Structure formats: structure tokens, C-alpha cells
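Residue numbering for the sequence shown follows our numbering, starting at 3 and increasing by one per position. Note that beta-carbon positions come from the ideal geometry of N, C-alpha and C, so glycine has one too. No experiment lies behind these values; they were computed from the predicted model shown. Beneath this line is the structure, given in C-alpha cells, with notes to follow.
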Amino acid sequence: MKKLIRQILIFFIPVFIGLILLPVNKRARFVELKDDCFNHGIWVYDRIHNNSENIDIAFLGSSHTLNGINDKLISEKLDSLTAVNFGYCRYGRNFHYDLLQEILSEYKIKKLVVEVREGENRSSHPIYPFIADTKDIFLNNSIANREFFYEIWTHHAYKLELFQDKIYDQATKVSIRKDNYGFASHPDTASASYLNKRKLKNSNTDTIMSDIQRNIEYKFGRDYQKKIAALCQDNNIEIYYLFLPSFASACGIPKEFKIYQKFGKLIIPPDSIYDDMDNWWDHGHLNFAGADKISLWLANELTK
Numbered sequence: 003m004k005k006l007i008r009q010i011l012i013f014f015i016p017v018f019i020g021l022i023l024l025p026v027n028k029r030a031r032f033v034e035l036k037d038d039c040f041n042h043g044i045w046v047y048d049r050i051h052n053n054s055e056n057i058d059i060a061f062l063g064s065s066h067t068l069n070g071i072n073d074k075l076i077s078e079k080l081d082s083l084t085a086v087n088f089g090y091c092r093y094g095r096n097f098h099y100d101l102l103q104e105i106l107s108e109y110k111i112k113k114l115v116v117e118v119r120e121g122e123n124r125s126s127h128p129i130y131p132f133i134a135d136t137k138d139i140f141l142n143n144s145i146a147n148r149e150f151f152y153e154i155w156t157h158h159a160y161k162l163e164l165f166q167d168k169i170y171d172q173a174t175k176v177s178i179r180k181d182n183y184g185f186a187s188h189p190d191t192a193s194a195s196y197l198n199k200r201k202l203k204n205s206n207t208d209t210i211m212s213d214i215q216r217n218i219e220y221k222f223g224r225d226y227q228k229k230i231a232a233l234c235q236d237n238n239i240e241i242y243y244l245f246l247p248s249f250a251s252a253c254g255i256p257k258e259f260k261i262y263q264k265f266g267k268l269i270i271p272p273d274s275i276y277d278d279m280d281n282w283w284d285h286g287h288l289n290f291a292g293a294d295k296i297s298l299w300l301a302n303e304l305t306k
């Protein structure tokens, strides 16, 4: 039996090492995410690595940022500074950290604006194992990541799939995206009845967490917030934490506000913008009108 186990290990160890060392083009990883977040991933990659336009202010966040921050409008108002919205569908601090590393490999940004919500995120971003480097999957991952082993498997399976596509000349070919700005919102306005139902639901579902619960639930997000803050400190980047809650949120301030204030400035837009039903596309996302109001207000805040 021991001999059989030894033979199995002798066979699989080189295979596993080969998968770890398997070279895969970074852009190809984003290209093959064409069915995720309206194929926004390839724009994110190309804006960082294949666009000569400068980046002074970077926004990191989820679809709340993607729909709520008009980076072109902010850039026009700030005149001498270029703001870029790197929001991407869904939440995940490890993705934000990876994205910040990518940005800093090409640009020396001055300010970083990180989206925060009512509570910190509790798990990994769904696309992290697809776009992260192998060393980050193993070394930079938080021990609080409940999907750690799943991500190791997914990452290497994805690399093998991309490598096979390249060998058999089946890799997707996509032209370089030249757009300077990432803002993507909607002109539609949610109905008052729909928003009022969400308001009632929010008021009935808010939960109060003890410090012990919060320390456990938010450890993953906190670990990566610290890494993001350390990276910014090393590169002399000012950090802002922008509160982008859902409509009629039961929280007037993020539950983790003390953590954010250790590292940077917490920015909370006025209630008048969030309370106006005409500013919402659905209960979680601002529409064009709401995004423009937030962006104009934010442009002033960033110059103070």
C-alpha cells in the first residue's frame, strides 16, 4: 500500500508543479471572462496596461461604484486630475487588492477611493481565482477565506484550460479597448412602489452584531483592507472610503467606520441624494441622475 501511495505521489507531484509553473497570458485571463459583468473585465485590464492616458484617482468597488461614479464628469470638474472608475460587479476585497497592484505596476496614482457599504464583505470575489497570479493564490490569500481550497483548484483548472486553448488555437481574440472611463449606469428610474417595498424590507432585516461576531464575520475584509492601506502608505497614496449603501439603508454610517478611519478619510454623501427616489435604477444602484449628483458632490470633496 505504501509503495502504491509513493508511486501516486511521484506521478502527481510533477504534474502539480507543472500546473503551478504553467505560463498563461494575464490578458487572456480577463478576455475569457466575457460572460461576466457585461464583458467589463477586458476593459479593466486594457485601461491599466494598454492605455497611455494617466490615472490620478482610482475608484475600487462593486457595481455600486460602477453605476454610481461618473469618472469622466469628476475628471472634467477636477481639470488637472484624471479619475478612473474600476468598479466591477460584485464585492470582494482580494480582487480590489489585486487590482490595485495591477494599477500601481503602471501608474503612480495620487488618491484611491474605496467603496464601503453597510458591512464589510465576508468572502472572496467570484472572479479572483481566474485573474489572480498563482503566487497570490497561495501566498497573499487570507486564512479567513472560506474558499481557499476551491480557489486553488479553480485557478489551476482555468490556467490549464487557457493553455489548451492557446495550443489548439482556440483562444478568444479581442481588440484592445481604448475607452478612458469605466462608468456604466442606466437612465431608467425605479418605481416608487418597488423602492418603498425595499425600504420596508430593509427596516425589518437590519441586524446588530456583537464585537465578537464582527471580528469573525469581517476578518476576511479587514485583512485585505490592511493590505490595501499598507500598499497605499508605501506609495504615498491618500485613501478615501466612500459610503455607497443600498436605497433606504438602515445604516446611516458603515458598521466598520472605525476601521476605515484608521487608514483614511470616510466620505458619506448627503442623505438628500440617497433619499431621492428619482436617483435610483434599482434598490442597489444609482441611475444616471443619481450618479451625476454623487460625482459632482464628490469632486468637491476630493479637492478639500
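**Message:** For Glu-117, report the span of its beta strand (DSSP E) as first-last.
**Reply:** Here the beta strand (DSSP E) through Glu-117 covers 113 to 118.
**Prompt:** Under the DSSP definition of a beta bridge, which residues are partnered with Asn-56?
**Reply:** Asn-56 is not bridged to any residue.
**Asked** For Thr-67, which residues from the same chain have a beta carbon less than 6 Å from its beta carbon, with the 5 sequence-adjacent residues on both sides left out?
**Response** Around Thr-67: Phe-61, Gly-89, Glu-117.
**Message:** Measuring CB atoms only, is the stretch 73 to 80 touching the stretch 177 to 191, in the sense that at least three cross pairs come out at less than 8 Å?
**Reply:** Verdict: yes, contact present.
**Message:** Tell me which residues share the same chain as Glu-120 and place their Cβ nearer than 7 Å to its Cβ, disregarding the 5 neighbours each side in the sequence.
**Reply:** Result list for Glu-120: Pro-247, Ser-251, Cys-253, Pro-256, Lys-257, in chain order.
**Request:** Could you tell me if Tyr-152 is buried or exposed, where buried requires 16 or more neighbouring beta carbons within 10 angstroms of its beta carbon?
**Result:** Exposed, by the Cβ-count rule.
**Message:** Mapping the DSSP letters down to three states, classify Asn-87 as helix, strand or coil.
**Reply:** Taken through DSSP and simplified to helix, strand or coil, Asn-87 comes out as strand.
**Item:** Secondary structure of Glu-122, DSSP reduced to three states
**Value:** Here DSSP, grouped into helix, strand and coil, assigns Glu-122 to coil.
**Asked** Does DSSP put Lys-161 in a helix, in a strand, or in coil?
**Response** Residue state, collapsed to three classes: helix.
**Asked** Are the beta-carbon atoms of Thr-174 and Val-33 separated by less than 7 Å?
**Response** Yes, Cβ-Cβ distance for Thr-174 and Val-33 is below 7 Å.
**Buried versus exposed, by CB contacts within 10 Å (16 or more), Glu-122** = Glu-122 should be labelled buried.
**Message:** Does Ser-107 pass the burial test, meaning 16 or more other C-beta atoms within 10 Å, or should it be called exposed?
**Reply:** The residue in question, Ser-107, is exposed, as its Cβ has fewer than 16 Cβ neighbours within 10 Å.
**Message:** Tell me the DSSP secondary structure of Asn-289 in three-state form.
**Reply:** Asn-289: coil per DSSP, three-state reduction.
**Request:** Could you tell me the boundaries of the alpha helix (DSSP H) in which Glu-108 lies?
**Result:** From DSSP, Glu-108 is part of no alpha helix (DSSP H); its letter is neither H nor E.
**Request:** Given a cut-off of 7 Å, decide if Met-279 and Leu-197 are closer than it, judged by their beta-carbon atoms.
**Result:** Going by C-beta atoms, Leu-197 is nearer than 7 Å to Met-279.
**alpha helix (DSSP H) segment containing Tyr-47, residue limits** = In the DSSP assignment, Tyr-47 falls within the unbroken alpha helix (DSSP H) covering 43 to 51.
**Gly-266 CB to nearest heavy atom of the ligand NAP below 6 Å** = With respect to the ligand NAP, the structure shown offers nothing to examine, as it has no ligands at all.
**Item:** 8 Å Cβ shell around Lys-229 - same chain, five flanking residues per side excluded
**Value:** Result list for Lys-229: Tyr-99, Asn-142, in chain order.
**Asked** Where do the N-terminal and C-terminal ends of the beta strand (DSSP E) with Lys-267 fall, by residue?
**Response** First-last of the beta strand (DSSP E) with Lys-267: 267 to 269.
**Asked** DSSP state of Glu-240, grouped into three classes?
**Response** Glu-240 falls in the strand class under three-state DSSP.
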